[in-house]
């Protein structure tokens, strides 16, 4: 009996080597790794996975594996970093950063925040967007206008006027309003003015990026200069303003 007790106690204190192999179910994808890999970043949420009982920190799937309802692709990039310092492929930095923030893998967070893509987005584009009057309100207005035209239609068209430099003459009360009706017809969404270096095309690309990130299929094109929108015919340099059409594709 004593020998049995000693063997039982010994077995509890020193798990067999294969117990260091851990399987994790992330969004339906099974990952196999080791407890040492998961603990390689102390203080992270990853380091909590090998700590029993799992039920206090994570749900369990039907096989008893820790289950996390996250994107398995982004998780794989974080796990890759823990395994050997590998970084995500070009173009996947932003989604990997969000996953690294969730898992509190601070070394990876710091690296990704300094990557060109993330740095440009956080420091460059966001600071530029902050200088555009009513930028986010205009995005919401564009989506509302597009959805209002979507009934039984394959695509919707939204008119956008971009004015980088403040025009020398505009009608009273029009500057800075998110949407301007033209002669009782289509509403024209107006962006500008602003003084930062990025130009009209940069603004349009930013608008498209934000709309695409919301899940919409959208493109834009310039409209001819001779379109009869007299509301915006006050003169500035042609490369500093323009009338454009954003086309939302629904199916």
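Numbering (full-length UniProt numbering), first residue to last: 1 to 251.
By construction, the Cβ of each residue, glycine as well, lies at the ideal position given by its N, Cα and C atoms.
The model shown is predicted, which means the values in this text are computed figures rather than measured ones.
- Here the alpha carbons of residue 218 and residue 133 stand approximately 22 Å from one another.
- Residue pairing for residue 82: DSSP places it in no beta bridge.
- Taken through DSSP and simplified to helix, strand or coil, residue 216 comes out as coil.
- A contact between stretches requires three or more CB pairs, one per stretch, nearer than 8 Å, and the region 114-127 fails this requirement with the region 57-65.
- Each of 24, 80 and 57 was checked against the Cα of residue 40, and the nearest Cα belongs to 80.
- For residue 157, the enclosing beta strand (DSSP E) covers residues 155-163.
- Three or more Cβ pairs closer than 8 Å define a contact, and the region 85-101 falls short of that threshold against the region 145-165.
- Under the three-state reduction of DSSP, residue 247 is assigned to strand.
- Classified as exposed, residue 249 has fewer than 16 neighbouring CB atoms from the shown chains inside 10 Å of its CB.
- By the neighbour-count criterion, in which 16 or more other beta carbons inside 10 Å mark a residue as buried, residue 106 falls on the exposed side.
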